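Peer 1: Sequence lines, in order, name chains A and B.
Sequential numbering from 1 applies to the first sequence in our numbering.
Sequential numbering from 1001 applies to the second sequence in our numbering.
All C-beta atoms, glycine included, are put in the ideal place defined by N, C-alpha and C.
Only a predicted model underlies this, so the values are computations on that prediction, with no experimental measurement involved.
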Amino acid sequence: MMQPFSGLSLLRRGLSGQRGWKQQWRRAEPKASYDAVIVGGGGHGLGAAYYLAKEHGLRNIAVLEKGWIGGGNTGRNTTIIRSNYLFAESAALYDHALQLWGTLSQELNYNVMFSPRGVMMLAHTVHDIQVSKRHVYANRAAGVDNEWITAAEAKAFCPVLKIDDIRYPVLGAALQRSGGTARHDAVAWGFARAADALGVDIIENCEVTGIQRDSNGAVTALDTSRGLIRTAKIGVCVAGNTSVIMKMVGLKLPLESFPLQALVSEPVKPIFPCVVMSNTIHAYISQSDKGELVIGAGTDAYTSYTQRGGLHVDNHALEAVCELFPIFRRMRMLRNWGGIVDVTPDRSPIIAKTPVPGLYVNCGWGTGGFKATPGSGHLFAHTIAHDAPHPINAPFTIERFRDGHLIDEAAAAAVAH
Amino acid sequence: MLLIDCPYCGKRPELEFTHGGQAHIARAQNPSDLSLEQWTDFLYMRDNIKGVHAERWRHAHGCGRFFNALRDTTTDQFLVTYKAGEPRPTIPSGPAVKVQQ
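(1) Quick one, which residues of the region 1034-1052 of chain B are near chain A if we go by CB-CB under 9 Å, in chain order?
(2) Apply the 10 Å Cβ neighbour rule to Ile96 (chain A) and answer buried if 16 or more other Cβ atoms are within range, or exposed otherwise.
(3) Hey, would you say the C-beta of Met333 (chain A) is under 6 Å away from at least one heavy atom of the ligand COA?
(4) Find the nearest neighbour of Thr181 (chain A) within the set A:Lys290, A:His312 and A:Ala154, judged by alpha-carbon distance.
(5) From Leu1036 (chain B) to Ala388 (chain A), what does the alpha carbon distance come to, in whole angstroms?
(6) Just curious, the beta strand (DSSP E) that His1019 (chain B) is in, first and last residue?
(7) Which residues mark the beginning and the end of the beta strand (DSSP E) in which Gly368 (chain A) is found?
(8) Alpha carbon to alpha carbon, how far is Lys1098 (chain B) from Pro1089 (chain B)?
(9) Quick check on DSSP: helix, strand or coil for Lys1098 (chain B)?
(10) Pull out every residue of the region 1058-1075 of chain B whose Cβ sits closer than 7 Å to any Cβ of chain A, in chain order.
(11) Leaving aside the five residues before and after His417 (chain A) along the sequence, list all residues of the same chain whose C-beta is less than 7 Å from its C-beta, in chain order.
(12) Quick check for students: name the residue ranges of the beta strand (DSSP E) that lie wholly in the region 268-339 of chain A, counting only runs of 3 or more.
(13) Counting along the chain, where does the alpha helix (DSSP H) carrying Met246 (chain A) start and finish?
(14) Can you tell me whether Leu1002 (chain B) is buried or exposed? The criterion is at least 16 other CB atoms within 10 Å of its CB, across all chains shown.
(15) To the nearest whole angstrom, what separates the beta carbons of Phe1067 (chain B) and Pro1013 (chain B), a pair I think is in contact under 8 Å?
(16) Count the other CB atoms within 10 Å of the CB of Gly375 (chain A); is the residue buried (16 or more) or exposed (fewer)?
(17) Which residues in the same chain as Thr1073 (chain B) place their Cβ atom closer than 7 Å to its Cβ, once the five residues preceding and following it in sequence are excluded?
(18) Please decide whether His1019 (chain B) counts as near chain A, where near means a Cβ-Cβ distance under 7 Å.
(19) Could you tell me how far apart the beta carbons of Phe418 (chain A) and Leu175 (chain A) are, in whole angstroms, since I believe they sit closer than 8 Å?
(20) Would you mind stating whether Gly43 (chain A) and Asp185 (chain A) have Cβ atoms separated by less than 7 Å?
(21) I want to verify the contact list: residues of chain B whose CB lies under 9 Å from the CB of Pro254 (chain A), in sequence order.
(22) Identify every run of the beta strand (DSSP E) within the region 57-82 of chain A, keeping only runs that are complete inside it and at least 3 residues long; order them along the chain.
(23) At the level of alpha carbons, what is the spacing between Thr79 (chain A) and Phe370 (chain A)?
(24) Going straight from the alpha carbon of Pro270 (chain A) to that of Lys133 (chain A), what length do you get?
(25) Just grab the DSSP bridge partners of Gly1041 (chain B) for me.
(26) From the beta carbon of Ala301 (chain A), is the nearest beta carbon of chain B less than 7 Å away?
(27) Going by C-alpha to C-alpha distance, which of A:Thr224, A:Ala123, A:Tyr94 and A:Phe87 sits closest to Lys66 (chain A)?
(28) Say whether chain B places a C-beta atom closer than 7 Å to the C-beta of Gly418 (chain A).
(29) Under 8 Å: do the region 3-12 of chain A and the region 320-332 of chain A share three or more Cβ pairs, one atom per stretch?
(30) Pop quiz: Ala301 (chain A) and Thr1040 (chain B) are said to be a contact at Cβ under 8 Å. What is the actual Cβ separation, rounded to whole angstroms?
(31) What residue does the alpha helix (DSSP H) around Trp189 (chain A) start on, and which one ends it?
(32) In the DSSP assignment, find the alpha helix (DSSP H) that holds His127 (chain A) and state where it starts and stops.
(33) Taking all protein chains shown into account, decide if Ser257 (chain A) is buried (16 or more other Cβ within 10 angstroms of its Cβ) or exposed.
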């Protein structure tokens, strides 16, 4: 049984030397069969399993993870949460997630450290101003929080920001005050713990090697590194490795996998009160509660599965950070790493049924999937349980590429790709 | 940073190049004959290989020409580069393949 966290339980354990805490979730052994299996134990997959159990009554389900929980992109992103996308479909999708973030800690009885500290996107050129204002107006029309502020207001919101005497002076900014950050590991652990409490088997070190199908083409079982697992419903949430899994059933998707890098500095005292992003000179930066500056770099130029990339990509991000925040010029970076992101041609995700009966896919989040974690899990669970999409994810099909109904956030997603 | 062997100029740093995506995707001779599915496949669907991948590169800050390469996407090692229009070279499979010197 799940041991609930409360102020009282923390106090009691604190006074007794932190003894008596139990393991947060079971080390489950794979059963011979499940009603549904989620492939991929990141935030999106664990979230899908949690909502399948909680809202759709499926308890005989498993999450298969080839490595360890949250060891992929869930533990590799820069933890930024925002919903200021341009198009109505995207704004609805990401705002659905943002609404869930607000109460996720209470929902899971696990502190995911959601901190809506504000996401500020800088404008450096006339073009930036026009695009940013278009975003602000589109968001406000869609009921999504976003506002335009002047350079002086941006400086007041983030005092360490340098707005003039730089190569690209800051001319203003779009500010989403309800955006912010959360602790990514806690999101994976919180979903894993809550799903486990509802009976979900979380099976680590279990790699899928094949998918078996019947004479109608419907899925019947998964071949895994820990044996055969029978199931009639498979939900795939494996980010950069989606093409690899889909190849097992002969499906080709509109995806390419790229390394996306990030890095953190040595930890320092609180200096950076918000998230700042700049498309034009490509910097984004925030400070974790541990004190590290968390810096997002760009994608490498080429497709890869290596979970690393070229150092010049990190350097480029640091040059931009040092230009905007000269106070950080002598900071040292502690670690850099890469994750493999699956990018669609229109930079919008796919949360949908596939042409294979019983096979569902949640992929294509590209460089920005973390912010959608609870919403993505929630909508994917609905899609699997009902064998039909929720109205919010109905536009995010594979067939949109055939039908021309692209949700083209490539330039509109408000970050450079 | 990758060191890329342009078939025209020799080895140069990655920064001189742009990546051109999957190689050997031929545009149809008679585009109007294609079905919707064939167009979708041509425009959007990609193999996204985990392993040896044939891809296009352009030596943008050098000779400006396109060429093709075989690269292992699990190690980022280039196995061979070859001129556009040449068929995909056959290389022995398996991890024993050495990087082209």
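Peer 2: Concretely, from the data shown:
(1) Leu1036, Glu1037, Trp1039, Thr1040, Asp1041, Leu1043, Tyr1044, Met1045, Arg1046, Asp1047, Asn1048, Ile1049, Lys1050 and Gly1051
(2) First, the amino acid is wrong: residue 96 (chain A) is His here, not Ile. With at least 16 other beta carbons inside 10 angstroms of its own, His96 (chain A) counts as buried.
(3) Among the ligands in the structure shown, none appear at all, so the ligand COA cannot be discussed.
(4) A:Lys290
(5) 24 Å
(6) Element bounds for His1019 (chain B): Thr1018 to Gln1022.
(7) Unbroken run through Gly368 (chain A): none, as it is neither H nor E.
(8) Only weak support exists for where Lys1098 (chain B) lies, its pLDDT of 48 falling under 50; the value from the coordinates is given anyway. Distance between the alpha carbons of Lys1098 (chain B) and Pro1089 (chain B): 15 Å.
(9) Model confidence at Lys1098 (chain B) stands at a pLDDT of 48, short of 50, so the residue's coordinates are unreliable; what they give is reported in the following sentence. Correct three-state label for Lys1098 (chain B): coil.
(10) Thr1073, Thr1074 and Thr1075
(11) Since pLDDT at His417 (chain A) reaches only 46, below the 50 mark, its modelled position is unreliable, and the value read off the structure follows with that caveat. Same-chain partners within the cutoff: Thr299, Arg347, Thr367 and Ala410.
(12) DSSP runs (the beta strand (DSSP E)) wholly in the region 268-339 of chain A: 275-278, 283-287 and 292-299.
(13) Thr242 to Lys247
(14) Buried, since its Cβ has 16 or more Cβ neighbours within 10 Å.
(15) 16 Å between Cβ atoms; not a contact.
(16) Burial call: buried.
(17) Ile1049, Lys1050, Gly1051 and His1053
(18) yes
(19) In the structure displayed, chain A extends from 1 to 417; residue 418 (chain A) sits before or after that span and is not available.
(20) no
(21) Within chain B, the residues Thr1040, Leu1043, Tyr1044, Met1045 and Arg1046 have their CB atoms less than 9 Å from the CB of Pro254 (chain A), given in chain order.
(22) 61-64
(23) About 6 Å.
(24) Roughly 31 Å between the two C-alpha positions.
(25) First, the residue type needs correcting, since residue 1041 (chain B) is Asp and not Gly in the sequence shown. Note: Asp1041 (chain B) sits in no beta bridge, so no partner.
(26) yes
(27) Shortest Cα-Cα distance from Lys66 (chain A) to any of A:Thr224, A:Ala123, A:Tyr94 and A:Phe87 involves A:Thr224.
(28) Outside the shown range of chain A, which is 1 to 417, sits residue 418 (chain A), and nothing can be said about it.
(29) no
(30) Not confirmed; about 25 Å, so no contact.
(31) His184 to Ala197
(32) From DSSP, the alpha helix (DSSP H) with His127 (chain A) extends over Val126 to Ala141.
(33) The residue is buried, with at least 16 neighbouring Cβ atoms inside 10 Å.
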